[in-house]
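So in this note's numbering, spot 41 of the sequence shown is number 41, and the numbers just go up one at a time. Below is one structure, written out as structure tokens; the observations come after it.
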Amino acid sequence: MADQAAQGNRGDVTERPAGRLQQAVARRAAEARATVPHVDLEAEADVEAALAATGETVGLVHVAVKAFATALAEHPVANGSWRGDGVERFGRVNVALAVLLDDAVVLPVLHDADRAPLAALAARAGELEAEARAGTILAPALAGATASLWDLGAHGVERSAPIVAPGQLCALGLGAPRERPVVRDGGVVVRRTAWLSLACDHRALFGVGAAALLDRVRALLEDPAALLQA
């Protein structure tokens with residue numbers, strides 16, 4: 001009787017079995033939260049220069065991927081994985097870029113993202129997103145990630161707390177750019193800024209190392225000249 005009363009309080013209840021992809025995402029998310037002790041850091045980045053570098057094929061998220069990958073290459077302490085009683089360091093920087101679907105998340109991987117020219121990186125990201133949305137993406141394109149980036153800013157979210165996937169040490173969340181008052185040279189001006197949220201595996205990445213990584217991503221986004229030339 002109690003179950004029937006509770007069900008009546010919620011109105012008509014329907015059930016929809018989860019598909020294989022949704023079930024896989026649910027298992028991975030549960031594993032991540034259960035096994036990876038998270039610590040989260042935030043920084044606000046002035047993205048005026050980064051936005052000026054965008055166009056029809058290159059978006060802010062692609063500049064952020066390149067900045068994140070470059071920072072990971074410069075801070076190899078963050079480009080690894082916790083393995084029971086120690087840390088593995090990876091020789092390549094492969095950034096998974098989350099594609100949010102209606103009922104699941106797909107994480108195609110941009111391999112060697114630190115070395116790829118920005119235009120080529122953006123083009124590959126577009127191809128992978130199209131395949132993910134069409135359901136035609138193949139297993140090799142989902143394998144080998146060393147870190148992840150979540151662009152919830154594309155959905156209007158200003159701040160987020162991304163999940164660190166098992167087998168990685170960090171994940172970066174990119175918020176939506178907004179016009180905000182900031183102080184420059186003693187005066188208040190309006191600039192477009194975006195929040196960066198870095199989630200880390202606290203067993204291996206914390207304190208100075210995590211802060212240095214996030215600060216480097218912020219610095220590269222605020223002065224992306226080196227990313228554009230790479």
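From the three backbone atoms N, C-alpha and C, an ideal C-beta is built for every residue, glycine too. Note that the structure is predicted; figures quoted are calculated from it, not measured.
Asked, Found
"Whole beta strand (DSSP E) elements within the stretch 61-94, 3-residue minimum", "80-82 and 87-89"
"DSSP three-state assignment for R133, whether helix, strand or coil", "helix"
"Limits of the unbroken beta strand (DSSP E) element including R218", "Run containing R218: none in the beta strand (DSSP E); it sits in the alpha helix (DSSP H), G207 to E222."
"One or two residues paired with G173 in a DSSP bridge", "W150 and S197"
"C-beta neighbour in chain D for S148, strict 7 Å", "Any reference to chain D falls outside this structure, which holds one protein chain only."
"Reference A211, options R16, A64, V77 and P108, closest by Cα", "V77"
"Identified DSSP bridge partners for G187", "R184"
"Proximity below 7 Å, CB of A122 to CB of H75", "no"
"Exposure label - R192; buried when at least 16 CB within 10 Å", "buried"
"Nearest-angstrom Cα separation, counted from V188 out to L172", "29 Å"
"Pairwise C-alpha distance: T54 and H111", "21 Å"
"Backbone secondary structure at E31 - three-state DSSP", "helix"
"C-alpha distance - A145 paired with G11, whole-angstrom precision", "43 Å"
"Beta strand (DSSP E) segment containing G228, residue limits", "In the sequence under discussion, the amino acid at residue 228 is Leu, which differs from the Gly named in the question. First-last for L228: A225 to Q229, but that is the alpha helix (DSSP H), not the beta strand (DSSP E)."
"Nearest to V182 (by Cα), restricted to the options V39, E48, V36 and R16", "E48"
"For R178, the three-state DSSP class (helix, strand or coil)", "strand"
"Three-state secondary structure assigned by DSSP to A204", "coil"
"Any beta strand (DSSP E) of 3 or more consecutive residues that is wholly inside the stretch 95-119", "95-97"
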